[in-house]
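What follows is a short report on a single structure.
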Amino acid sequence: MRSQKLAAITVVSSLLATVACGGSSKSGSSDAGADASGPVSVEFLSVQQPTDNWPTILTSLMDGYSKAHPGSTLKNSYTPQTDLDQKLQLLGAQNSLPVLFNAPNTPAAQAEMGQSGKAVDLEAKLTELGVIGQVSPAAIAVIKQLQGGKMYALPFELNMEGIWYNKKIFADNGITPPATWDELVATATTLNDKKIQPFAASGVEGWPISRLLGDYIFRLLGPDALKKVADGTAKLTDGPYVQAAQAIADLGSKGFFGKGVTTLDYQSAEDLFLQGKAGMFYMGSWAVGDFNDPAKNKIGADTIGYMPFPTVAGGVGTADQTPMNVGLPTMVSAKAYTPAVGEWLKYLATNYGDTALSKRGIVTGFKVNNPPATIPATTKVVQDQIAGTKDPVLWFEALFSARATSVAQKNAARLVTGSLSPQDYMSDVQDALKG
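Per the numbering used here, the sequence shown starts with residue 1, numbered consecutively.
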């Protein structure tokens, strides 16, 4: 996925925070944080630049916090996402992890960070602090799916995914948003017959296509279908999984992604949709910022509608099982945790949702206690969809190894152009899971 969008996922979907109690250059912790009512010095190690979303939001929060806790400070430290895992390994080995840090890039490494005692169990800690109710149940559910049943991270993002569509194109062609896969194929056929490209999707990125595959699997086999693959109790080469790959390949063979899918990057695909040249665009809620930007959105925000990924005939999954992700979440160092850090976490949990929405227009995994008087319609759609989701699902590669993720995404365009059969595609990804 496009890392900054998902860290934005895609996206999002796109991101490492380090909060350190001041005084110690090695552990990020010192006696200065022993008094909960006193000041706290927080270092935030992030894959985002200081002017990006998370550092900006935390800076605003610290400005407010320091009014009641004079002397409190925040230091935003940047590291490239490609260097993140190595840096965390080094800091962890030295017992020098800062208080807040973006989690490692893979779910397995995130779980290990918590299980090894390096990261705080945040469900337990926020419950102890009396603020677990400030975290969205959907965000908690997503994090637990990723981190072995535990919540070792804070959801600075909460992205939901689905199919965004052009209301005017649908209305002009007598189309009602489809609720089933067969209806979706019929909708795409109608648009294609009218010389309107049905789907805008990036074959260069690959994940916008593999997302469709993952969603089809969830609708056909249920929300635990890909966990079974990760656990080894099912294989991607099993019949129903290959059936899902065939369904996505069929969209491509019918020309529903247009002729240039293999060379289309993320921004170009989004532009096709926002310029009214494609009827549908599968994407996460990180794209809503662009939807609400008149400079980018030429069709107008009011022209954009949302529909969940449809149900599949004979499938056990339901349309309210929304695909979600928390981007690259943020952990809290167990070594650097002090009562003062706990007091800061209480403030963060209570105010992050409001600050993110008012300052940056971002929907997060935290409760919004004082919503703005006016919220863009597309942002409200995201809020409502997240609030109504009790059983979120992940995405195709969420529980895969880095190698399997790369194979899945790099070969996605080949799947829909017919240069790689559904059986071979799934076989290649399954083989990559072994290494």
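Note that beta-carbon positions come from the ideal geometry of N, C-alpha and C, so glycine has one too. On a predicted model such as this, the values are computed, not experimentally measured, just so you know.
CA-to-CA distance, residue j to residue i, given in whole angstroms
i	j	result
Pro294	Lys380	18 Å
Gly276	Ala188	15 Å
Val42	Pro422	49 Å
Gly23	Val40	Here the model assigns Gly23 a pLDDT of 34, short of 50, so the residue's position is not dependable, and the following value carries that caveat. Going from the Cα of Gly23 to the Cα of Val40 covers about 10 Å.
Tyr306	Pro137	22 Å
Phe256	Asn192	7 Å
Lys235	Asp428	12 Å
Met280	Asn105	30 Å
Asp302	Ile57	28 Å
Val82	Leu97	For the record, residue 82 in the displayed sequence is Thr; it is not Val. Taking the straight line joining both Cα atoms gives about 18 Å.
Arg403	Ala432	6 Å
As assigned by DSSP and simplified to three states, the class of residue i
i	result
Val291	The sequence as given places Phe at residue 291; Val does not occur at that position. Three-state result, Phe291: helix.
Thr436	In the structure as shown, the chain begins at 1 and stops at 435. Residue 436 is therefore absent and cannot be evaluated.
Val363	coil
Ala334	coil
Asn325	strand
Lys434	coil
Thr79	coil
Val42	strand
Met482	Any answer about residue 482 is impossible in this case: the structure gives the chain only from 1 up to 435.
Ser27	Residue placement at Ser27 is poorly supported in this model, since its pLDDT is 36, which falls under 50; the coordinates still yield a value, given next. Of the three classes helix, strand and coil, the one that applies to Ser27 here is coil, per DSSP.
Ala119	strand
Thr56	helix
Ile163	strand
Pro198	strand
Phe218	helix
Phe273	helix
Val185	helix
Thr180	strand
Gly305	strand
Pick from the options that is closest to residue i, judged by C-alpha positions
i	options	result
Phe44	Leu61, Val99 and Gln89	Val99
Gly92	Thr73, Leu74, Ala119 and Thr106	Ala119
Trp449	Ala319, Arg211 and Phe281	Nothing about residue 449 can be read from this structure; the chain reaches only from 1 to 435.
Thr389	Ser46, Val131, Val142 and Leu97	Val142
Leu415	Gln321, Gly38, Thr338 and Ala247	Ala247
Tyr216	Gln321, Ser268 and Thr190	Gln321
Gly327	Ser46, Phe156 and Gly149	Phe156
Gly133	Thr350, Phe400, Ala387 and Ser419	Thr350
Pro329	Pro107, Val382 and Leu226	Pro107
Ala109	Gln86, Thr190, Ala225 and Ser96	Gln86
Lys168	Phe101, Leu274 and Gly117	Leu274
Presumed contact (8 Å Cβ cut-off) between residue i and residue j, rounded CB distance
i	j	result
Pro323	Trp207	The Cβ separation is near 12 Å, so there is no contact.
Val426	Tyr241	Reading the sequence as shown, one finds Met at residue 426 and not Val. Yes, they are in contact, since the Cβ atoms of Met426 and Tyr241 sit about 6 Å apart, within 8 Å.
Leu122	Leu154	6 Å
Met331	Met151	Rounded, the Cβ-Cβ distance is 10 Å, inconsistent with contact.
Ser253	Ala408	Not quite, the Cβ-Cβ distance comes to about 19 Å (not below 8 Å), so this is no contact.
Gly239	Leu226	The Cβ separation is near 16 Å, so there is no contact.
Glu205	Tyr266	5 Å
Sufficient close CB pairs (3 or more, under 8 Å) joining the segment 186-198 to the segment 334-343: no
Contact the segment 69-86 vs the segment 49-57: 3+ CB pairs below 8 Å: yes
Inter-stretch contact (C-beta, 8 Å, three-pair minimum) for the segment 256-274 and the segment 351-359: no
The segment 156-166 contacting the segment 306-315, beta-carbon criterion three pairs below 8 Å: yes
Cβ contact (3+ pairs, closer than 8 Å) linking the segment 59-71 and the segment 367-379: no
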